[in-house]
Structure formats: structure tokens, C-alpha cells
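Trainee: Here our numbering = 1-based position in the sequence shown + 71.
Idealized CB from N, CA, C, for every residue including glycine.
The structure presented is a predicted model; accordingly, all values stated were derived computationally and were not measured.
Let me begin by handing over the structure; questions about it come next.
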Amino acid sequence: MDHAAPAPAVPTPHPALRRPAWIGAAALAGLVMALCLVLTWQLWEAARRDAERELRTEFETAARAVVNQLALRMAAHVQMLRGVQGLFASSDDVTRQEFTDFVRTQQTDAEYPGMKGIGYILGLSDSQRASHLARVRSGGLPDYTIAPPGARPAYAPLMYLEPFTGARLRALGHDMFSEEPLRLMLEQARDSGQPVMSGKATVARERGQGASDGVLIALPVYIGRKAPDSVEQRRDLLRGWVYAAFIMEDLLAHVGGQHAAALALEVHDGNRATPEARMAAGAVALVGGAPALRTEQRIGIAGRRWTLVISAGAGFGAAQQNEAPQLVLTLGLVVTALLSLLTWMLARSSALAGRALRKSQLLTNELTVGQQRLAALAEAAQRSQAMMRSILDSTFDAILVDNGDRRILASNPRFRALWGVPDELDLTADDAALVAHLLTQLVHAGPLLYSRSLRLEEHEEHRELLRLKDGRFIEQFTRPVRLGHEGARLWSFRDITERKQIEQRERAHRHVLELLAHGAPLQAVLGAVVLGVESTNAGMLCAILLLDAEGRFLHTGAAPSLPGFFNAAVDGLPAAPGYGSCGSAAASGQRVIVENIQTHPDWAPFREIAARAQLASSWSEPIRGASGRVLGTFAIYHRTPHYPSAAHVVLIEQAAQLAGIALEQAQAAQALRVGEERFRSLYDHAPVALWEQDWSAAREAVAHLQASGVGDLGAWLRVRPEETQRLASLVRITDVNGAALVHVGACAKEPGTLGLAQNFGSLDATAFIDALVALTGGALFHECESSFLRVDGVARQHQLTLLVMPGHAQLLDFVIASTVDITERKRIDDELQALASTDFLTGLPNRRVFMARLDDQFARLQRSVDECASVLMLDIDHFKRVNDVFGHAAGDEVLRHMASLMRSEQRKIDTLGRVGGEEFAVLLPGAAGAAAQQYAERLRQSVADSPLDLDGRQIAITVSIGIATIEAGDAGPNAALVRADKALYQAKAGGRNRVCDHAEASALDSVAAAATAAAAATLTKA
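Okay, structure coming up:
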């Protein structure tokens, strides 16, 4: 034996004394070898069983994939057959050429494997047979007949068949009712109205290929576009059947994917696998001499059951051959040999004891150093863990970490506070109890349960919006994380209730402004104000009381959620102290807060009726007009005692202000209507402008034009402005009142200077033509809005009413025109319309206007297939961080800056819009594909290169953009917006500050969906 250093001389013992030590070493080495061999055999056996289980699991997965693929393939065939059924349903007479063209466009050979023929079978009674033969023979088939011959109560001759070649030519006219199985199939389809599949049948192949086993699927065709409801109606309205023939060998081709070559598939008709019911079969080779892997699966297709027998061939699993048993055996034998040799060497190494001692001391020192290093690493890990715990505990979001397999690993205190988790509920165990607690608070449990079932890939993020029963909204994000070498899942929850309420209030305010801009009734506008507040504040019941003209009593204006008896009781309430919150608020002109109705003295006369209506608190705000005059009150009630917060005070002030705008607008409209009624009864002393006009000369000129052949007078004049001017010059103003002179700024002593321009304006020919057509057409009253010119040349707008006085309808020589200056009202209406159609912060069109433009573009694409358009969805990256770091004022500046950058890239035909929060949208008419991609990339780069300079601070801004092309086949314009939104979220998931089109997003979603499905299937098996 070699030695690293000379060893001291050791006396050589006698051989007889050395033999027992050698025997002991050999016995010890043999014992170690025996134990190692036993352990190796056990490990090898366990590895072999694991390999067999993995092979079985892989086989079952492949078998299920075969069944699903076959079911999907047959469903696609049935759907294609429904398309042929739709061809016959859409036309009362489908010709053979139309049938052929339709079937050939479906490309059945490429798109529908196994489908060898599509045909149409006509349903005939015996009384219809003769007329049918005559009609077909006269249509170009003189040799046509129904086979086999003979009289029968009903016939089902084959009329159309594609492809119509080879042996299929002889099938024309074959009576399907002559074969009992086919007759039963057709009758079942006729009575059920659903696709029905036959049993095993013989299907002809192409010329020279003989026939093969297959099946037929038939689908009934009825008279009319709507399917009959009863069996009797289906039999009476039967028109025929469309059917498809399938060859089983071709139908099963390529089924199985990557395992197709290693799987044998047998298809049996019915619920049992028998030789008589077998329709297709493949040979099965045994794996290593053992019985082959085999399973039976059953599926239902078109009213018939199939039994699939799937077996594994000898090559199944060869590519994934598990080498673990062989590796365990090899390593076990090697380790056994090494341990045995080591035991033998140790037994004979007593002479090296000194050297072994020194080595052991060195190893001891190294072990000590290693332990010190481990202790330092453990201390660092503890510090890191404490730091992470501190970060988790101080973060604003509620955090939960689990292992992805329904076991909770960690959480922060914010999570317990947000969800109200009791202290006794353990957040370091199985999540079943926690999930049950969360589900009791959710309105819809689906989003949370779906997120719980996801298996996310690295860098993938899933977002859900949860709505709680108490009215809160919680934003949930789920993403995978790594904890050391183990995978985990991080859940973050944030309460966004206030943000959602602000968005809802903005929508409600825009709705009220739209109603005002369109002149909706006061009752509808006030109701919208009340419902807008109630919809964003659960538990609030609102009412608007209007002060009468004398300012003495309050009357109910809108209270849709309060009981009728309560509204009746407070209707006519005196506007005085001591008459509830509203009476006191109207009298004092100040806000009145009653936290508890049952204890407040103002409610003493109404406590009983308030208790009956289950009202416990009342806040009332005076509604004031622009002049400060009290017009009424806005009240908020609760069913439990409540005191308003600062946000509640802002809410009731905004609601009262909005109601004040509505009331003043309604009062202005009412005043206008009253004025119009007075205009018709007053003239000389009326406070409004009245004009006496003579249209007789114009009427005579129109009569001459109509006699000369002019039919549509309005259209004729619109293309002949000189004729319009001539007819306008024939209208004479015979008299005006003082208000009319003031109206146009004329001198009272010079009425002769007035002309028709003071009624219709020099450029408003359309209004004059409409009035001329109406009056000469027999109308006694005409009303319109038009521009007019004051004598000083200033153009304004007024509402013009023309009234033909009684007895002058034939000559039109006495027409009274009244005019009301509506310039200011139009300005207010335009301002309201602008408020309702634009985003107040950025000045861009709001979501409603953008969606209207999108609807128009979609309709244009439906009319012209040559046009194209794309939609871009934009989201400012990390916008919340800007609000959190720089404040909401800086966030508003970022939104304005973003809108300015978008305008700088906007074409004249493009439509920009802010659709919510930090989200924007762009409609690009005439751009698709690469053009839209270039525009989006140019806009993205412009945003990235243009940071916002705010008070000397540079705020970097980036944007993520999703692109979708509007397709003519979309069900509606929202489809493209949804695709663009998905592409946007894919762009954000891909790292933000990037552009992603819908095709790229769909490809990534498909990969993610496939991975998720595979992971779910693996977990199910486990």
C-alpha cells in the first residue's frame, strides 16, 4: 500500500495472528455489500413502478386527446352541414349549380377530413312523385328516375351530391327510404329537427378505390326560415334533408397528434365494443410481451353513441423512455462496490491511523469554518426575511402568498384588515377556510375561484375586479414569484371603491348634461340626478323638493326610491323651520344635517311617518340658481343614523348644483313656451317681435313652376340659388311691431329698410326653402330656427314661427311671423353639448362620442368592403405611481400632456378619445396592418421622447398600445375594441412601453392557454 509519508516501523505480526483481522474485514465488507444490494433492489423496484405509472399517465392523456380531437372534428363536420342547411333555409329554390358552388367553396377535402360526399335528399309523398319526375326530367335529366322502382307511401330520392363523379353518378334518384336503416335515420332527423347519424354503412370512394366502412349524418330542411316547434309541424313542413357521408379510415387519419403512430384506435357503433359493431380498427402490438395499454372511451355524436377502444403500440413511450430504473441499478451497484471496497480498505488501514487522524482534524476545522459560514448565511437570511416582512407589513396593498397548490405561505396585516379575516383563522395553512370566508363577501365568486385555479407562467400577470356585497370594489392581481428554489404565487388586493364611485359619478353627471342638452323633461332630468347619486352610494335614498313660485311650500320633484306614502306626506311641506330637514334648509338657505330623525326637534311632526318609511337620518342641501335664489332642496336619507363625511358633503353640494342647473334650464324653457303663446295673441303691444308678411307673389311664382313640371320644389331650389333668391325677393314685410324693430336694431321710423334677411339671414337659404315648401303645400303653421341679420350687420339666431291667419290659406297674403332671439340659449345648449361630449380634463372626445364615431366607421365598412380601419387602445404605464409620487395634480398634467402628444400625431380623419382613467383610444380610418403599426410605434416613440416638465422636474412617460383591425365580419364595433384591449394588456404583460397587435396577442394567449390546460390536466391526474 502506498503512503504519503514514511510511517514508523510497525512490528509485523505472525500470520496466524493476522488471519482473524482479515476474516473480520471480509465479513464486514460482505455484510455491507449485502445491505447495499438489498437497498439497490428496493430503489430499482420503486423506480420501475414509477416509470410504469408515468407511461400509463401519458397513455391516458394521449387517449383523452384522441377522443377530444375526434369529437371536435365531428362537431366541425356537423357545423359545416348546418351551413348547407342554412343555404336551403335562405332560399326557396336552391339549384344544382348553387349547391355545387356552395359545397366547393367549403373545401371539404382540405378542411373536413373524412367527409367524402355532401348531398341533398328530397322528401316526397306518393302524390308528388309524378310531378317531381316531370320537373326533373324537363330540367335537363331526361333519364332521371327514382330507384328502386315501385309504389311506396313516401320517397326520399337523392337530388344533389358533391362531388358528383364516378360511382356517385349512379346514386342520383336513389330512394333512401328503400333502405330500412337509412329510413329510420331520416325519420328520426325529421321528427327531432336535429342532426342524426346512421350506424355502420358502406360509403363509396373515388373511382378505382372501392368502398369502405363509414357513416352518414343527416340534417332536416323545413319550409320557412324558422324551425317548427312540434313533431306534427315538422312532418308537415318537411322539405328534405342534407346529409354527409364519412369514410372511417380517412376520418380517423392523423387523429392522435404526436402519438398517432404509436396508438391503435378502434371505433365501435354503440355502447359496447363488439366485433359486429366495429367500424374501424388498428393492430395493437404488445409492449415488451406484456398486455398492451388499453382504454375504452364513449362519446355521443349526432344522437348516436360510439365506443372508442384505444391501445398503445410497442413504440408508445419510446421517445420518453424512463431511464431512472437503469440509472438507479447502475448507481446502486457502483455504490455497493465502492462501499464494499471502502470497508475492506478501512479494515486494512489501521497502519494509516495517524494520517487518518490528521485528516480528520483538518476535516473538523473545515467543518467548523463551514458551520460558521452557514450561521452567517442563516443570519443574513433572517435579516432579509425580517426586511421583507417589514415591507409587506407597511405596503398599502393587501398581500397574500401561497404555493400555487392551495396552501398559504404568508400574508400582511393589511390583508386581514381589508377582508375582515378573524384572528382565529390561520393564514399559514390550507386555504379552504380562507376562501370560504372571502366567498361570503363577494357578489360573484367566479373571478376569485378562476384565479385560484390558474397556473401562471413566469412573468405572467392576471387581473380581476372583485365586487363585494357591501358595495366595495377590490382590484386583484395574481403573479408567479420564486421563493428560493420553490415556486409560489403572489396575490395583491387594493380597494378601488372610491375610484369606481368617482367614475360612476362622472358618468351620471354626463348623462344629466346630455339630457339637459337634448331638452329632456324636467322630471326625467331630476330623476337622473337622484338615480345617479343613489347608484354610486349604496344605502342612500335621495329626493328633490321644488319650491313654489311664492317660496312658501315645497313639492316633490323626484324621489323614485322613497315610499309613495312618504312622498305624499311631504308634498306641500312648508318652507319653514321645524318642518323636517328640507323645510329648515329651504327657509334658512343653509345645509341641515339630522343624524337621528327620532331625536331631532325639526322632525317631531313627521317621526311616525319617517319610522314607517324606515328612514333614520336626513341631510338636506338648498338648491340655488345662478342668482343665488333658493329653488328647492336636495335631500339624502339613510335607514340607519348617519353623519356625513367630507366626501358626503362634496357629493350633496355637487348634486344640488346639478339640480339647480336643471331647474334653471327648465324654467328658461317654460318661459320660452309661455312667450310663444303670447306672441300669437299680441301684436302691436306685444313684448316680442311680430312681423306681418305677404307671401302671395311667392305663392303664384311657385304655382307657375309646378305647372311647368317642377315636382320636388325643395330639391329643385337647393341646386338653383338664383331662383331661391328671386322667390325670396317676392315676399313682402308689410308691418312690424316695436319689439321686432328692437329685435333687429332698426329705427322705429324707418321700417322700410327691413327685408327678409331680418327673418332668414343672407346665407340661410335652407330655412327659407323649407318654409316656402311648407306654406305653399298647405301648412298653416311653420316653425324653425334660423340665422338673421340685424340692421347693423350682426348675425344672430332666432326661433321663427310662421302662422297663416284664418281665411288667407289660399292666397298667403296675411302671414304673421314671430321671432325670438335664441342666440344665448343656443350658446348655453352648445356649451352643455360640449360638456356632454368632451372630456373636461383633456378636451378630447369622451367615451360616448368615441363609441359613436366607431359605430359610424363600422357602418361605413359594412357598406364598402374596400375600406379598412383600425382601433388603438393606449394606457399610460405606471400612472398610479405618478399620482402616488407627484400627486393627483401632476397626474392631471400628465393626462393633458398625453392628449397634446396624441393631437400632434393626429391626422384630420382620425378620432381621439379618452375612454377612462389613464386609458385613451384612437380610431384610424383607412389604416390597417403595417400602417396602423407604424402610426402606433411613432406615437409610442413620441411619448417616450417627450417627458413632462413640471416645476423643474422631469416626469418620464411611456405608453403601452394595443392594435386591432376592424373586420367586416365582426358582430359589432365593440368586437374590435375588445381585441385592441386584449392586445393592450398583452403589451403591458410583455413589459410595457411597447406596441402589440391583436394577432400577436392571440398567439401568446393560445400558448398560455395551452400551457394552463396542460398544467390543469397534470394536476387533475395527480
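1) Following the continuous beta strand (DSSP E) through Trp312, name the residue where it begins and the one where it ends.
2) Under three-state DSSP, which class holds Met458?
3) Is the separation between the beta-carbon of Phe387 and that of Leu364 shorter than 8 Å?
4) Would you call the stretch 283-297 and the stretch 157-176 touching, i.e. three or more CB-CB distances under 8 Å?
5) Kindly indicate which three-state DSSP category Lys1053 falls into: helix, strand or coil?
6) So, for Trp112: in the same chain, excluding its five sequence neighbours on each side, which residues have a beta-carbon less than 7 Å away from its beta-carbon?
7) Answer yes if the stretch 483-495 comes into contact with the stretch 515-528, meaning at least three C-beta pairs across the two stretches below 8 Å, and no otherwise.
8) Indicate the three-state DSSP secondary structure (helix, strand or coil) for Ser800 in the structure shown.
9) Can you tell which of Glu856, Val815, Asn954, Ala447 has its C-alpha closest to the C-alpha of Val865?
10) At which residue ranges does the stretch 996-1071 contain complete beta strand (DSSP E) runs of 3 or more residues, listed in the order of the chain?
11) Between which two residues does the alpha helix (DSSP H) containing Tyr521 stretch?
12) Out of Arg861, Gln933, Met247, Leu398, which has the shortest C-alpha to C-alpha gap to Arg119?
13) Whole-angstrom Cβ separation of Thr805 and Glu856, contact assumed at under 8 Å?
14) Which first and last residues belong to the beta strand (DSSP E) in which Lys187 is found?
15) Let me check understanding here. Comparing Cα to Cα, which of Arg952, Gly780, Val174, His775 lies closest to Leu152?
16) If you drop the 5 nearest sequence neighbours on each side, which residues of the same chain put their C-beta closer than 7 Å to that of Glu724?
17) Tell me where the beta strand (DSSP E) around Thr179 begins and ends.
18) To the nearest angstrom, how far is it from the Cα of Val207 to the Cα of Met145?
19) Per DSSP, Phe859 is paired with what?
20) With respect to the beta strand (DSSP E) encompassing Glu367, which residues constitute its N-terminal and C-terminal limits?
21) Cα-Cα, which of Ala907, Gln870, Ser908, Ala559 is closest to Ile893?
22) Can you look up His203 in the DSSP assignment and give me helix, strand or coil?
23) Pull up the DSSP beta-bridge partners for Tyr293, would you.
24) Where does His814 fall in DSSP's three states?
25) For Val355, count neighbouring C-beta atoms within 10 Å of its own C-beta (all shown protein chains included) and say buried if the count is 16 or more, exposed if not.
26) For Arg543, which three-state DSSP category applies?
27) Tell me, to the nearest whole angstrom, how far the beta carbon of Asp765 is from that of Arg803; I am working on the premise that it is less than 8 Å.
28) Can you check whether the CB of Phe486 is closer than 8 Å to the CB of Ala469?
29) Scan the stretch 85-160 and note each continuous beta strand (DSSP E) run of 3 residues or more that stays entirely inside, going in chain order.
30) For a quick check, are the C-beta atoms of Val862 and Leu874 less than 8 Å apart?
31) Comparing C-alpha positions only, which one of Lys540, Ser563, Gly542 sits nearest to Arg550?
32) Less than 8 Å between C-beta atoms, sequence neighbours within five positions excluded: which residues of the same chain meet that for Arg797?
33) DSSP on Arg931, reduced to helix/strand/coil?
34) Check each candidate in Arg1009, Gly988, Glu990 and name the one with the smallest Cα separation from Ser975.
35) If I'm right that Ala147 touches Tyr183 with Cβ under 8 Å, what's the distance once you round it to whole angstroms?
36) In this structure, how does DSSP classify Trp562 when only helix, strand and coil are distinguished?
Mentor: Answer, in terms of the structure:
1) Residue mapping note: residue 312 aligns to position 241 of the sequence shown, counting from 1. First-last of the beta strand (DSSP E) with Trp312: 309-318.
2) Along the sequence shown, read from residue 1 onward, the residue named residue 458 stands at position 387. Reduced to three states, the DSSP call for Met458 is helix.
3) As a position in the sequence shown, residue 387 is number 316, starting the count at 1. As a position in the sequence shown, residue 364 is number 293, starting the count at 1. Contact: yes.
4) yes
5) Counted from its first residue, the sequence shown places residue 1053 at position 982. Here Lys1053 sits in helix by DSSP.
6) Position 41 of the sequence shown, counting from 1, holds the residue named residue 112. Around Trp112: no qualifying Cβ.
7) no
8) The residue labelled residue 800 in the question sits at position 729 within the sequence shown. Helix at Ser800.
9) Taking the first residue of the sequence shown as position 1, residue 865 is located at position 794. Among Glu856, Val815, Asn954, Ala447, the Cα nearest to that of Val865 belongs to Val815.
10) 1019-1021, 1024-1026, 1030-1036, 1066-1068
11) Counting from 1 along the sequence shown, the entry for residue 521 is found at position 450. That run of the alpha helix (DSSP H) goes 517-524.
12) As a position in the sequence shown, residue 119 is number 48, starting the count at 1. The shortest C-alpha separation from Arg119 is found at Leu398.
13) Here residue 805 is taken as the residue at index 734 of the sequence shown, counted from 1. Here residue 856 is taken as the residue at index 785 of the sequence shown, counted from 1. 24 Å between Cβ atoms; not a contact.
14) As a working note, residue 187 is residue 116 in the sequence shown. Run containing Lys187: 186-193, per the beta strand (DSSP E) assignment.
15) Here the question's residue 152 lines up with position 81 in the sequence shown. Nearest C-alpha to Leu152: Val174.
16) If you number the sequence shown from 1, residue 724 lands on position 653. Once the five neighbours on either side are set aside, the close Cβ partners of Glu724 are Glu692.
17) For the purposes of this step, residue 179 is taken as residue 108 along the sequence shown, with counting starting at 1. Run containing Thr179: none in the beta strand (DSSP E); it sits in the alpha helix (DSSP H), 179-182.
18) Counted from its first residue, the sequence shown places residue 207 at position 136. Counted from its first residue, the sequence shown places residue 145 at position 74. Looking at the two C-alpha atoms, the distance is approximately 33 Å.
19) By 1-based counting over the sequence shown, the position of residue 859 is 788. According to DSSP, Phe859 bridges with Arg867.
20) In the sequence shown, counting from the first residue as 1, residue 367 sits at position 296. Unbroken beta strand (DSSP E) run through Glu367: 365-372.
21) For the purposes of this step, residue 893 is taken as residue 822 along the sequence shown, with counting starting at 1. The shortest Cα separation from Ile893 among Ala907, Gln870, Ser908, Ala559 belongs to Gln870.
22) Here the question's residue 203 lines up with position 132 in the sequence shown. In this structure, His203 counts as helix in the three-state DSSP scheme.
23) Here residue 293 is taken as the residue at index 222 of the sequence shown, counted from 1. Partner(s): Leu309.
24) Taking the first residue of the sequence shown as 1, we reach residue 814 at position 743. His814: helix per DSSP, three-state reduction.
25) The count along the sequence shown starts at 1 and reaches residue 355 at position 284. Because the pLDDT of Val355 is 46, which lies under 50, any placement of that residue in the model is unreliable, and the question is left without a value.
26) For the purposes of this step, residue 543 is taken as the residue at position 472 of the sequence shown. Coil, per DSSP.
27) For the purposes of this step, residue 765 is taken as residue 694 along the sequence shown, with counting starting at 1. For the purposes of this step, residue 803 is taken as residue 732 along the sequence shown, with counting starting at 1. Rounded, the Cβ-Cβ distance is 4 Å, consistent with contact.
28) By one-based count along the sequence shown, residue 469 stands at place 398. By one-based count along the sequence shown, residue 486 stands at place 415. Cβ distance < 8 Å, so Ala469 and Phe486 count as in contact.
29) none
30) For this step, residue 862 is matched to residue 791 along the sequence shown. For this step, residue 874 is matched to residue 803 along the sequence shown. No, Cβ-Cβ distance for Val862 and Leu874 is not below 8 Å.
31) Here residue 550 refers to the residue found at position 479 of the sequence shown. For the residues Lys540, Ser563, Gly542, the minimum Cα distance to Arg550 belongs to Ser563.
32) In the sequence shown, counting from the first residue as 1, residue 797 sits at position 726. Excluding positions up to five away in sequence, the list reads Ala772.
33) Along the sequence shown, read from residue 1 onward, the residue named residue 931 stands at position 860. Helix at Arg931.
34) Taking the first residue of the sequence shown as 1, we reach residue 975 at position 904. Among Arg1009, Gly988, Glu990, the Cα nearest to that of Ser975 belongs to Arg1009.
35) Position 76 of the sequence shown, counting from 1, holds the residue named residue 147. Position 112 of the sequence shown, counting from 1, holds the residue named residue 183. About 7 Å separates the two Cβ atoms, so the contact holds.
36) Residue 562 sits at position 491 when you count from the first residue of the sequence shown. Strand, per DSSP.
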